[in-house]
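Numbering (the numbering used here), first residue to last: -17 to 100.
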């Protein structure tokens, strides 16, 4: 299954990345190519994963790379819409220690703003 990536900017320069499809060894390079350049100084990124049914270790590496790039540039990333399966995988692997999560884009914006305010 191919990955579909839709990137848009909403209020207060928040970038929303909508991902649709599996993130695996064949699609992770495209995801990296599209999202890693978003890690600019002070960036605010919401990644909507509600339409991502499966993510392999290649996808986890992509998210970790984004996390590292944004934190070195004092940016913030919030993952929204994680399925129970993805949330479990990320919890077991320790990835949820790095990322703030929210149920949807609206609550993700509130989470992102609360991180910024702290």
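The beta-carbon is built from N, C-alpha and C at its ideal position, and this holds for glycine as well. It should be emphasised that the depicted structure is a prediction, and the values quoted were computed from it without experimental measurement.
Q | Endpoints, the alpha helix (DSSP H) within which residue 17 is located | A | Looking at the DSSP string, the run of the alpha helix (DSSP H) that includes residue 17 is 10 to 17.
Q: To the nearest angstrom, report how far apart residue 55 and residue 67 are at their CA atoms.
A: For residue 55 and residue 67, the distance between alpha carbons rounds to 30 Å.
Q | Residue closest to residue 33, alpha-carbon to alpha-carbon, out of 89, 85, 27 | A | Taking only the C-alpha atoms, the option nearest residue 33 is 85.
**Q.** Beta-ladder partner(s) of residue 183, from DSSP
**A.** Here the chain has residues from -17 to 100 only, and residue 183 is not among them.
Q.
To the nearest angstrom, how far is the alpha carbon of residue 69 from that of residue 28?
A. Each residue's Cα considered, the two are about 16 Å apart.
Q. What does a CB cutoff of less than 8 Å around residue 62 pick up in its chain, not counting 5 residues either side in sequence?
A. Cβ neighbours of residue 62 beyond the five flanking positions: 28, 29, 30, 31, 32, 83, 84, 85, 86, 87, 89, 90.
Q | Rounded Cβ spacing between residue 40 and residue 6 (contact assumed at less than 8 Å) | A | About 6 Å separates the two Cβ atoms, so the contact holds.
Q. Nearest to residue 23 by CA position, among 51, 73, 79, is which residue?
A. Nearest to residue 23 by alpha-carbon distance, out of 51, 73, 79, is 51.
Q) Is the Cβ of residue 8 closer than 8 Å to any Cβ of chain D? A) Note that chain D does not occur in the displayed structure, where there is just one protein chain.
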